[in-house]
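As they're listed, the protein sequences go chains D and L.
If you're matching positions, the first sequence starts at 1 in the numbering used here and goes up one per residue.
If you're matching positions, the second sequence starts at 212 in the numbering used here and goes up one per residue.
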Amino acid sequence: MKTETLIDMLARNAGPAPRALAARRLSPAVAAGLLASGGAAIAWFGLIPWSLFSTHVPWTKMAYAGALAGAAGWWAVRLSRPAASAARARVAVMAVVLAMVTIGLVSWLSEPADGRMDALLGYSWFSCPPSVLALSLPALAAALWAIHGLAPTRPRTAGFAAGLLAGSVGALGYALSCPEASVTFVAVWYSLGIVLTGAVGAVLGPRVLRW
Amino acid sequence: MPFDDSSSDFESALKPLWLRAQSGDEAAYRQCLGLLASRLRAYLKRRLSGLPDEVEDLVQETLLALHLQRGTYDPTLPVSAWAVAIARHKLVDLWRRRGRRERLHDAIDDVDEQLLVAEPRDSDARRDLETLFEALPQAQRQAIVLTKLEGLSVAEAAARAGASESAIKVQVHRGLKRLAALVRRDGSGDSVTDGQRT
Numbered sequence: 001m002k003t004e005t006l007i008d009m010l011a012r013n014a015g016p017a018p019r020a021l022a023a024r025r026l027s028p029a030v031a032a033g034l035l036a037s038g039g040a041a042i043a044w045f046g047l048i049p050w051s052l053f054s055t056h057v058p059w060t061k062m063a064y065a066g067a068l069a070g071a072a073g074w075w076a077v078r079l080s081r082p083a084a085s086a087a088r089a090r091v092a093v094m095a096v097v098l099a100m101v102t103i104g105l106v107s108w109l110s111e112p113a114d115g116r117m118d119a120l121l122g123y124s125w126f127s128c129p130p131s132v133l134a135l136s137l138p139a140l141a142a143a144l145w146a147i148h149g150l151a152p153t154r155p156r157t158a159g160f161a162a163g164l165l166a167g168s169v170g171a172l173g174y175a176l177s178c179p180e181a182s183v184t185f186v187a188v189w190y191s192l193g194i195v196l197t198g199a200v201g202a203v204l205g206p207r208v209l210r211w
Numbered sequence: 212m213p214f215d216d217s218s219s220d221f222e223s224a225l226k227p228l229w230l231r232a233q234s235g236d237e238a239a240y241r242q243c244l245g246l247l248a249s250r251l252r253a254y255l256k257r258r259l260s261g262l263p264d265e266v267e268d269l270v271q272e273t274l275l276a277l278h279l280q281r282g283t284y285d286p287t288l289p290v291s292a293w294a295v296a297i298a299r300h301k302l303v304d305l306w307r308r309r310g311r312r313e314r315l316h317d318a319i320d321d322v323d324e325q326l327l328v329a330e331p332r333d334s335d336a337r338r339d340l341e342t343l344f345e346a347l348p349q350a351q352r353q354a355i356v357l358t359k360l361e362g363l364s365v366a367e368a369a370a371r372a373g374a375s376e377s378a379i380k381v382q383v384h385r386g387l388k389r390l391a392a393l394v395r396r397d398g399s400g401d402s403v404t405d406g407q408r409t
């Protein structure tokens, strides 16, 4: 086929370009991932006592995970547009993590010395990151599917961003089941679970984000 | 001459046309694709000097990708930078498929538009897209033939095929996506394609 013929064919009846394509693909993926992670957290681990919802315990985690989901989602969208700069979105992601780590560190330093181990490890440090990772997997699959339909030219980085987004969605779900009250705990172990999910996304990216 | 070799002139002529194309102006879209094709041909020729047979195939593959991905264009970007980023992606994909380890000389993020000098038309692709059409599922092929080759309107095609208008649009989009996937598989440098070379 001549290139001229192909151009004629592509242009004929082409109609307008789809609008807000990234948001239209990514929002349902995130919504489905949230439902899956929240539902699975309640089904497997059970809901935290209602009384905790009037304390900061679930809300600190949700604020952190929500902010990180927003920043990582923005980063993923920028990485899905050829030639678009993703630098500001990447800075936003790092700023959210850095802010949480700083808050965690300050809170840890203000603990009395004999309470610091408990503040850091809680009673579930070992199970927290893998739980966040497990609850993130539906969101990871959905986010990679959504980004695959866009045009990521850096598949490993885009996979990492999708993984951070999915990890944050998983952490939002896990916050429904996790009674840990220490901010330091959240800063360390939630972040680790989210970054682990990011690493899984980075490994999968080059395989599944081809187009 | 409406366009000289300066890329900023090229961009300032292309951009308003492209914005009209994005909002549904078919003639503007056809003109944009023609302008972009000659730029992309020049870009790819420089980088495929060892594989001149691949150039037109890759131009066509990139045009197909531009069309399928035009929803990812952001009006704050230069159109030519966006298009070249897609061409570069297809070029890297070609090297990967062919198992080459050729180094690309420039970083992924900054596109040197000075390298984009228009080339004369040269439209002989080695691969024939029409034969790949045969591999599409019947409904997709029919929707493409009616709206894209015979030039019926979407409403006429829907009446002819006995389907809804939105179903026709979906089949066209899926068919072109499938075609792009077939092109990638076909372009993996296997012996069948090499055997067809004359």
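C-beta atoms are modelled at their ideal positions from N, C-alpha and C, and glycine is treated no differently.
Classify residue i as helix, strand or coil using the three-state DSSP reduction.
i, result
"proline 49 (chain D)", "coil"
"methionine 100 (chain D)", "helix"
"lysine 2 (chain D)", "coil"
"tyrosine 284 (chain L)", "coil"
"arginine 116 (chain D)", "helix"
"alanine 318 (chain L)", "Any reading at alanine 318 (chain L) must be qualified, since the residue scores a pLDDT of 45, below 50, and its modelled position is unreliable; the value itself is stated next. Coil, per DSSP."
"tyrosine 174 (chain D)", "helix"
"proline 263 (chain L)", "coil"
"phenylalanine 126 (chain D)", "coil"
"serine 214 (chain D)", "Residue 214 (chain D) lies beyond the residue range present for chain D, which begins at 1 and ends at 211; the question has no answer from this structure."
"arginine 395 (chain L)", "helix"
"glutamate 341 (chain L)", "helix"
"threonine 184 (chain D)", "helix"
"tryptophan 229 (chain L)", "helix"
"proline 348 (chain L)", "coil"
"glycine 310 (chain L)", "coil"
"serine 249 (chain L)", "helix"
Using the C-alpha atoms, what's the distance from residue j back to residue i?
i, j, result
"glycine 39 (chain D)", "glycine 159 (chain D)", "24 angstroms"
"isoleucine 7 (chain D)", "alanine 71 (chain D)", "38 angstroms"
"leucine 262 (chain L)", "lysine 256 (chain L)", "9 angstroms"
"leucine 209 (chain D)", "arginine 308 (chain L)", "15 angstroms"
"leucine 105 (chain D)", "leucine 150 (chain D)", "38 angstroms"
"glutamate 367 (chain L)", "arginine 90 (chain D)", "48 angstroms"
"alanine 113 (chain D)", "leucine 34 (chain D)", "38 angstroms"
"arginine 371 (chain L)", "glycine 205 (chain D)", "42 angstroms"
"phenylalanine 221 (chain L)", "threonine 197 (chain D)", "43 angstroms"
"glycine 432 (chain L)", "threonine 3 (chain D)", "Since the displayed chain L opens at 212 and closes at 409, residue 432 (chain L) lies outside it and no answer follows."
"threonine 358 (chain L)", "arginine 389 (chain L)", "17 angstroms"
Beta-carbon of residue i versus every beta-carbon of chain D: anything under 7 angstroms?
i, result
"aspartate 339 (chain L)", "yes"
"arginine 281 (chain L)", "yes"
"aspartate 285 (chain L)", "yes"
"lysine 359 (chain L)", "yes"
"valine 365 (chain L)", "yes"
"glycine 245 (chain L)", "yes"
Using a Cβ-Cβ distance under 7 angstroms, would residue i count as near chain L?
i, result
"glycine 15 (chain D)", "yes"
"proline 18 (chain D)", "yes"
"proline 82 (chain D)", "yes"
"arginine 12 (chain D)", "yes"
"threonine 153 (chain D)", "yes"
"leucine 150 (chain D)", "yes"
"methionine 62 (chain D)", "no"
Please check if any C-beta of chain C sits within less than 7 angstroms of the C-beta of residue i.
i, result
"glutamate 272 (chain L)", "Among the chains of the structure shown, chain C does not appear; the protein chains present are D and L."
Indicate, with yes or no, if the ligand NAD has a heavy atom lying under 6 angstroms from the CB of residue i.
i, result
"leucine 343 (chain L)", "Judged by which ligands are present, the structure shown has none, so any question about the ligand NAD falls away."
- Three CB pairs or more closer than 8 angstroms across the stretch 361–381 of chain L and the stretch 9–16 of chain D: Contact between the stretch 361–381 of chain L and the stretch 9–16 of chain D is present, with at least three C-beta pairs closer than 8 angstroms.
- Should the stretch 76–83 of chain D be called in touch with the stretch 172–183 of chain D, which here means at least 3 C-beta pairs below 8 angstroms? Too few Cβ pairs lie closer than 8 angstroms, so no.
- Three CB pairs or more closer than 8 angstroms across the stretch 272–289 of chain L and the stretch 43–53 of chain D: The answer is no - the stretch 43–53 of chain D does not touch the stretch 272–289 of chain L, with fewer than three Cβ pairs under 8 angstroms.
- Please list the segments of the alpha helix (DSSP H) lying wholly inside the stretch 14–101 of chain D, counting only runs of 4 or more residues, in order along the chain. List check, alpha helix (DSSP H) in window: 21–45, 57–79.
- Can you find at least 3 beta carbon pairs, one from the stretch 135–144 of chain D and one from the stretch 85–103 of chain D, that sit closer than 8 angstroms? Too few Cβ pairs lie closer than 8 angstroms, so no.
- Please determine if the stretch 267–281 of chain L and the stretch 293–300 of chain L are in contact, where contact requires at least 3 C-beta pairs separated by less than 8 angstroms. Yes, the stretch 267–281 of chain L is in contact with the stretch 293–300 of chain L.
- Does the stretch 177–188 of chain D touch the stretch 224–241 of chain L, meaning 3 or more C-beta pairs lie closer than 8 angstroms? Taking 8 angstroms as the limit for Cβ pairs, the verdict is that the stretch 177–188 of chain D does not touch the stretch 224–241 of chain L.
- Between the stretch 115–127 of chain D and the stretch 185–203 of chain D, do at least 3 Cβ pairs fall closer than 8 angstroms? Touching, yes, given that three or more Cβ pairs across the two stretches are closer than 8 angstroms.
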